[in-house]
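Visitor: Using UniProt numbering, the final residue of the sequence shown is 205, and nothing's skipped along the way.
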Amino acid sequence: MPTQKFLNLGRYKQKMILEAMRDAFLSGPYAEITVSGLIRQAGISRASFYTYFDGKDDMFSCMLRSMEGETEEMLLDSFRRQKGVFNDSMAGLFRLLTENDVGRMYSQVGKHILEDEGCRPAFVQVEQEYYRAGKWKSRGRACFEVLDRALYPRLDEDGLACAVDMGMSILYKAVLLYFDQCSGLQKLEEAVEKQLGILEQGIRA
Numbered sequence: 001m002p003t004q005k006f007l008n009l010g011r012y013k014q015k016m017i018l019e020a021m022r023d024a025f026l027s028g029p030y031a032e033i034t035v036s037g038l039i040r041q042a043g044i045s046r047a048s049f050y051t052y053f054d055g056k057d058d059m060f061s062c063m064l065r066s067m068e069g070e071t072e073e074m075l076l077d078s079f080r081r082q083k084g085v086f087n088d089s090m091a092g093l094f095r096l097l098t099e100n101d102v103g104r105m106y107s108q109v110g111k112h113i114l115e116d117e118g119c120r121p122a123f124v125q126v127e128q129e130y131y132r133a134g135k136w137k138s139r140g141r142a143c144f145e146v147l148d149r150a151l152y153p154r155l156d157e158d159g160l161a162c163a164v165d166m167g168m169s170i171l172y173k174a175v176l177l178y179f180d181q182c183s184g185l186q187k188l189e190e191a192v193e194k195q196l197g198i199l200e201q202g203i204r205a
């Protein structure tokens with residue numbers, strides 16, 4: 001976990017530092033990333049680096065958590081724009097991710113994680129922490145607060161959390177396929193719409 005000193009930095013400064021890890025990660029094998037290269041890329045001293053992170057694995061994990069947080073902000077924003085309708089909100093997030101550079105960058109990181117075994121332990125640790133700490137439920141709770149309850153009278157927070165988690169898995173795979181040019185957008189939109197429709201029917205029942 002990053003130190004409190006890192007968390008006390010301004011958001012722009014945090015983002016700049018973590019972008020150094022992202023750029024290094026996307027430019028070559030994870031095993032070849034060095035602290036020396038990271039501090040040079042980030043424009044910070046070695047002493048500062050070690051007051052922020054335990055090492056490169058810690059910095060990589062922090063980058064992943066930052067991306068996780070950004071995605072959740074986008075998800076909540078979509079729920080608000082779509083007035084709490086689950087299907088429309090998830091579809092809106094998919095459109096957003098396929099229309100801007102954020103989705104492209106996330107896709108590049110996701111593809112690199114799949115291909116580079118060196119980063120796998122750190123990634124798995126972050127993923128396990130997300131579920132063990134109940135962050136996925138917190139995400140569902142936040143969405144539940146803006147959900148149109150009239151459309152889902154029997155749905156509770158845990159049920160929505162599960163639906164959102166399944167929906168996000170659908171979107172992640174579709175976004176990865178889109179930017180990897182494995183499938184056209186229209187075909188993916190139809191597949192996503194069909195899968196989200198099944199979830200929508202389930203949570204309305």
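Backbone N, C-alpha and C define an ideal beta-carbon position, used for all residues, glycine too.
#1: Mind checking T71: buried by the 16 CB within 10 Å criterion, or exposed?
#2: Ignoring anything shorter than 4 residues or poking outside the region 116-163, list the alpha helix (DSSP H) runs there in chain order.
#3: Tell me the residue span of the alpha helix (DSSP H) that contains A31.
#4: Taking Cβ positions, are Y178 and L185 nearer each other than 8 angstroms?
#5: Who are the near neighbours of A24 in its chain, counting only those whose CB is closer than 8 angstroms to its CB and skipping five residues on each side?
#6: In chain order, which alpha helix (DSSP H) runs of at least 4 residues are fully inside the UniProt DNA-binding region "H-T-H motif" (34-53)?
#7: Taking L196 as the reference, give the member of F94, Y152, N87 with the closest Cα.
#8: Apply the 10 Å Cβ neighbour rule to R11 and answer buried if 16 or more other Cβ atoms are within range, or exposed otherwise.
#9: Let me confirm a value: I203 is counted as buried when at least 16 other C-beta atoms fall within 10 Å, else exposed. Which label applies?
#10: According to DSSP, is N8 helix, strand or coil?
#11: Skipping 5 residues on each side, what residues in its chain have a beta carbon closer than 6 angstroms to that of G110?
#12: Beta carbon of D57, beta carbon of A161: below 8 angstroms?
#13: Would you check if the distance between the CB atom of F94 and the CB atom of V164 is smaller than 8 angstroms?
#14: Taking contact to mean at least 3 C-beta pairs separated by less than 8 angstroms, is the region 97-113 in contact with the region 131-142?
#15: Is the beta carbon of V126 sitting closer than 8 angstroms to the one on L64?
#16: For the alpha helix (DSSP H) holding M59, just list the boundary residues, first then last.
#17: Going by the beta-carbon positions, is the gap between G167 and M74 smaller than 8 angstroms?
#18: Between L147 and I198, what straight-line distance do the alpha-carbon atoms span, to the nearest angstrom?
#19: By alpha-carbon positions, which one of Q201, L26, F79, G103 ends up nearest to C119?
#20: At the level of alpha carbons, what is the spacing between A142 and Y106?
#21: Based on Cα-Cα distance, which residue from F144, A205, M21, R80 lies nearest to M67?
Guide: On the basis of the data shown:
#1: Around the CB of T71, 16 or more other CB atoms lie within 10 Å, so the residue is classed as buried.
#2: Entirely contained in the region 116-163, the alpha helix (DSSP H) runs reaching 4 residues are, in chain order, 120-132, 135-145.
#3: Per DSSP, A31 belongs to no alpha helix (DSSP H) and is neither H nor E.
#4: Yes; because the gap between Cβ atoms is below 8 angstroms, this pair is in contact.
#5: Only I33, G37, L38, Q41 meet the Cβ criterion.
#6: Along the length of the UniProt DNA-binding region "H-T-H motif" (34-53), whole alpha helix (DSSP H) runs at least 4 residues long occupy 35-42, 46-52, reported in chain order.
#7: The residue from F94, Y152, N87 with its alpha-carbon nearest to that of L196 is N87.
#8: Under the 10 Å beta carbon count, R11 is surrounded by fewer than 16 other beta carbons and is classified as exposed.
#9: Note on I203: 16 or more other CB atoms within 10 angstroms of its CB, so buried under the neighbour-count rule.
#10: Judged by DSSP in its simplified three-state form, N8 adopts coil rather than helix or strand.
#11: For G110, where only same-chain residues beyond five positions count, the Cβ hits under 6 angstroms are L176.
#12: In this structure, A161 does not lie closer than 8 angstroms to D57 by Cβ.
#13: No, the Cβ-Cβ distance between F94 and V164 is not below 8 angstroms.
#14: No: the two stretches stay apart, fewer than three of their Cβ pairs being nearer than 8 angstroms.
#15: Yes, the Cβ-Cβ distance between V126 and L64 is below 8 angstroms.
#16: Counting along the chain, M59 sits inside the alpha helix (DSSP H) bounded by residues 56-81.
#17: No; because the gap between Cβ atoms is not below 8 angstroms, this pair is not in contact.
#18: The straight-line gap from Cα to Cα measures roughly 18 angstroms.
#19: When C-alpha distances from C119 are compared across Q201, L26, F79, G103, the shortest belongs to L26.
#20: Distance between A142 and Y106, taken at the CA atoms: about 22 angstroms.
#21: Across the set F144, A205, M21, R80, the C-alpha of M21 shows the shortest separation from the C-alpha of M67.
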